[in-house]
Amino acid sequence: MLTDAAARDFFSEARALYPDVRRGLVIEWASWEQRETADAVLGLMSTNHIDYHVVRPRTSPDEYFHRGIAEFLLDWQRATRGATVDPTTFRGDATVARANGVSTELPDTAVDLAVVGAGPGGLAAAAAAASEDLQTLLIEQSSIGGQAGWSSLIRNYLGFSRGFSGAELAKRSYQQAWIFGAHFAASRAVTGARAGAVPRPVGVLRRLASEARGQTGRVVFVVGGGNSAGQAALHLARYAASVSLIVRGSSLAESMSQYLVGELAATGVGIVAEARVVGAGGDGEGLDHIVLRDRVTGVESTVRCDALFVTIGAAPHTDWAAPEVMRDRWGYLLTGGDVLTEGGRRAWPHDRPPAALETSLPGVFAVGDVRRGSIKRVAAAAGEGAVVVSSVHAFLATRAR
Ligand SMILES: Cc1cc2nc3c(=O)[nH]c(=O)nc-3n(C[C@H](O)[C@H](O)[C@H](O)COP(=O)(O)OP(=O)(O)OC[C@H]3O[C@@H](n4cnc5c(N)ncnc54)[C@H](O)[C@@H]3O)c2cc1C
Numbered sequence: 480m481l482t483d484a485a486a487r488d489f490f491s492e493a494r495a496l497y498p499d500v501r502r503g504l505v506i507e508w509a510s511w512e513q514r515e516t517a518d519a520v521l522g523l524m525s526t527n528h529i530d531y532h533v534v535r536p537r538t539s540p541d542e543y544f545h546r547g548i549a550e551f552l553l554d555w556q557r558a559t560r561g562a563t564v565d566p567t568t569f570r571g572d573a574t575v576a577r578a579n580g581v582s583t584e585l586p587d588t589a590v591d592l593a594v595v596g597a598g599p600g601g602l603a604a605a606a607a608a609a610s611e612d613l614q615t616l617l618i619e620q621s622s623i624g625g626q627a628g629w630s631s632l633i634r635n636y637l638g639f640s641r642g643f644s645g646a647e648l649a650k651r652s653y654q655q656a657w658i659f660g661a662h663f664a665a666s667r668a669v670t671g672a673r674a675g676a677v678p679r680p681v682g683v684l685r686r687l688a689s690e691a692r693g694q695t696g697r698v699v700f701v702v703g704g705g706n707s708a709g710q711a712a713l714h715l716a717r718y719a720a721s722v723s724l725i726v727r728g729s730s731l732a733e734s735m736s737q738y739l740v741g742e743l744a745a746t747g748v749g750i751v752a753e754a755r756v757v758g759a760g761g762d763g764e765g766l767d768h769i770v771l772r773d774r775v776t777g778v779e780s781t782v783r784c785d786a787l788f789v790t791i792g793a794a795p796h797t798d799w800a801a802p803e804v805m806r807d808r809w810g811y812l813l814t815g816g817d818v819l820t821e822g823g824r825r826a827w828p829h830d831r832p833p834a835a836l837e838t839s840l841p842g843v844f845a846v847g848d849v850r851r852g853s854i855k856r857v858a859a860a861a862g863e864g865a866v867v868v869s870s871v872h873a874f875l876a877t878r879a880r
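Count along the sequence shown starting at 1, add 479, and that's the number in the working numbering.
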C-alpha cells in the first residue's frame, strides 16, 4: 500500500514519462462507503494525478473491472491516435461527412420539425422529436456536437462520474438521433428562415485536443474565464511547462463551474486576474512574449509566452433568423415570457401566451446557448432540447385543427 505522498509521486512520474498515459487508483469493493476513499479519489483526480478509479476484481472474470480497463484504453487511444471511424469529425467538410456516412442531402418531403445546429440542444431535440415519430431534419453547418464537441472532458453531466469527451457525446448523440429516424443534413448552413428552426451559437475554440501535445514544455497562456477556458487550461497543463489563465474579472467565481476552479488551483494553473492582453511579439520564429495591462492600475508588463489560446465565449449566430424573431442587443433570442415583457403584446400575435421556449415567431423555438438567459451548459441545452418537443407537438396540433 503506497502512502498518499508516494502515490502522488508515482502518478506524477508516470505522467511525466508518458503524458497521455491513463492512470487509475485501484480501490477495494465497497470501500466507497468510507469517506477517506472518496476523498483520496477526488483529491487525486482534482490534482490531475489520476483519471479515475477502478475497483479491484472480486471474481474471475470480473466484467466491471474489464470494462473499467477497456474504458481507460479507449480514452488513451482517442487521445493518442484520434478516433478511427467517427461520423462526427467532418468539421463542415461535405466530402469528409459523406465519406463517414453522414448525409449532406435535404429530404424530398416536408418535415414536422427542422432543427438548426447539432450541438447538444439540437441533438437532444432531434433525438426526442424523432423518438416521438415527428419527421425531423437536423441541419449542421460545421461539426456535430457544437461547442461541446471541442471539450476534452465534460465532468458535470449527470450519470457520467468519470466524465466523457465532447467528441464521445457528439458521436453517441448522433447515433441515438439517427437510430430514432432523424434525418441529417451535414455541412449545410441555414441562411434564412421564416418558421420552424432553432438556431444556436457557435463556439470559438478549435483544434485544442491536437494542439495540446505540441505545447510540451512550453509556457502557455489561455485568455478567458468560462468553462471552456478552464478546460482548455487543464488539458494543456498535461503537457505544458506552465499554464496561466488571463481573466478580465477579479475572480473566476461568476463565470466558471466551481469544480473546475478547484481543479485549476490543484493543478497549479496560474490565474492572472483583472488583466488584458494588449500586445504580443516574437523573434520571427513565433510568439515569445505577450504584454499584459492591469485593468485597475493600468500598469503594463511583458511576460514570456510561447503560445496563446483565446477562448472568450461564443457569439450567437442568429442573423439568418426571420426578422420577426426578437433578439436582445447581443443577438440572443427572446423566448417565453420575455417576448411579452420586452416586445409587448404587439410582438405576439396569439391569444395564448408563447410557450416557455417559443420565440416571438410562433412555431419557432430556441433552446440552449442561443436563448437569452440560458445556462451555458451541456445539460441545460440537452434538457431544453428534450423539453421543447412537447411544445412542438402542441404547436403542430393547433396547426392540424
Ligand atoms: C471548449 C468548451 C468546453 C466546454 N465544457 C463544458 C463542460 O464541461 N460542461 C458543460 O456543461 N458545458 C461546457 N461547455 C459549454 C457547452 O458546450 C455549451 O453550453 C453547449 O454546447 C451548448 O449547446 P447548444 O446546442 O445550445 O449550442 P452549440 O453547442 O453552440 O451548438 C450550436 C450548433 O449550431 C450550429 N449552427 C449555428 N448556426 C447555424 C446555421 N445557420 N446553420 C447550421 N448550423 C448552425 C453550430 O455549427 C453548432 O454546431 C463547453 C464549451 C466549450 C467551447
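Backbone N, C-alpha and C fix where the C-beta goes; we use that ideal spot for every residue, glycine too.
| Item | Value |
| --- | --- |
| For the beta strand (DSSP E) containing Val756, name the first residue and the last one. | 754-761 |
| Beta-carbon within less than 7 angstroms of Asn706's beta-carbon, same chain only, minus the 5 sequence neighbours each way: which residues are those? | Met735, Ser736, Leu739 |
| Leaving aside the five residues before and after Gly815 along the sequence, list all residues of the same chain whose C-beta is less than 6 angstroms from its C-beta, in chain order. | Pro833, Ala835 |
| In angstroms, rounded to a whole number, what distance separates the CA positions of Val504 and Ala716? | Looking at the sequence provided, one finds Leu at residue 504 rather than Val. Going by the C-alpha atoms only, they are around 20 angstroms apart. |
| State the Cα-Cα distance for the pair Ile866 and Gln694, rounded to the nearest angstrom. | Residue 866 is actually Val in this sequence, not Ile. Taking the straight line from one Cα to the other gives about 41 angstroms. |
| With a threshold of 7 angstroms, establish whether the CB of Val669 neighbours any heavy atom of ligand 3. | Ligand 3 is not part of the structure shown, which contains ligand 1 as its ligands. |
| Since Ile725 and Val751 are thought to touch, with beta carbons under 8 angstroms apart, how far apart are those beta carbons, to the nearest angstrom? | 5 angstroms |
| For Phe544, I'd like the list of residues in its chain whose CB is within less than 8 angstroms of its CB, leaving aside the five on either flank, ordered along the chain. | Val533, Val534, Arg535, Pro536 |
| Grouping DSSP H, G and I as helix and E and B as strand, with all else coil, what is Ile623? | coil |
| Can you find a heavy atom of ligand 1 that lies under 7 angstroms from the Cβ of Arg856? | yes |
| Which residue marks the beginning of the alpha helix (DSSP H) containing Arg669, and which one marks its end? | Sequence check: residue 669 is Val here, not Arg. Per DSSP, Val669 belongs to no alpha helix (DSSP H) and is neither H nor E. |
| Using DSSP with H/G/I as helix, E/B as strand and the rest coil, what is Glu584? | coil |
| Can you check whether the CB of Gln626 is closer than 8 angstroms to the CB of Ser666? | no |
| Need the endpoints of the alpha helix (DSSP H) that Gly741 sits in, please. | 737-746 |
| Please report the residue range of the beta strand (DSSP E) in which Gly749 lies. | 749-751 |
| Assuming Ala558 and Asp499 make a contact with CB atoms under 8 angstroms, what is their CB distance in whole Å? | 5 angstroms |
| Buried or exposed, going by whether 16 or more other CB atoms sit within 10 Å of the CB of Gln710? | buried |
| Taking Cβ to Cβ, would you say Ser644 is nearer than 8 angstroms to Ala606? | no |
| Can you check which of these residues, Ser622, Trp629, Leu602, is closest to Leu616 by C-alpha distance? | Leu602 |
| Ala834 by DSSP, collapsed to three states: which one? | coil |
| For Val701, count neighbouring Cβ atoms within 10 angstroms of its own Cβ and tell me buried if that reaches 16, exposed if not. | buried |
| State the beta-bridge partners of Asp773 as determined by DSSP. | Ala754 |
| By Cβ distance, which residues of its chain are closer than 8 angstroms to Val903, with the 5 residues on each side in sequence left out? | Beyond the ends of the chain as shown, which are 480 and 880, falls residue 903; an answer cannot be given. |
| Buried or exposed, going by whether 16 or more other CB atoms sit within 10 Å of the CB of Ser883? | What the structure shows of the chain is the stretch from 480 to 880, and residue 883 is not part of that stretch, so it cannot be assessed. |
| From this set, Gly760, Tyr636, Ile506, which residue's C-alpha is nearest Leu787's C-alpha? | Gly760 |
| Where does Gly596 land, buried or exposed, given buried means 16+ other C-beta within 10 angstroms? | buried |
| Just curious, the alpha helix (DSSP H) that Val804 is in, first and last residue? | Unbroken run through Val804: none, as it is neither H nor E. |
| Looking only at its chain, what residues have a beta carbon closer than 8 angstroms to the beta carbon of Trp555, apart from the 5 residues adjacent to it on each side? | Asp499, Val500, Arg501 |
| What span of residues does the beta strand (DSSP E) with Arg783 cover, start to end? | 779-783 |
| Exposed or buried, which one is Ile769 when buried takes at least 16 other CB atoms within 10 Å? | buried |
| Pop quiz: Ala672 and Trp799 are said to be a contact at Cβ under 8 angstroms. What is the actual Cβ separation, rounded to whole angstroms? | 6 angstroms |
| With DSSP run on the structure shown, which of helix, strand or coil describes Tyr531? | strand |
| Could you tell me the boundaries of the alpha helix (DSSP H) in which Phe659 lies? | 645-659 |
| Please report the straight-line C-alpha distance between Gly747 and Arg831, rounded to a whole angstrom. | 54 angstroms |
| Along the beta strand (DSSP E) that carries Leu713, what are the first and last residues, could you check? | From DSSP, Leu713 is part of no beta strand (DSSP E) but of the alpha helix (DSSP H) over 706-716. |
| Tell me whether the beta-carbon of Gly600 lies closer than 8 angstroms to the beta-carbon of Gly847. | yes |
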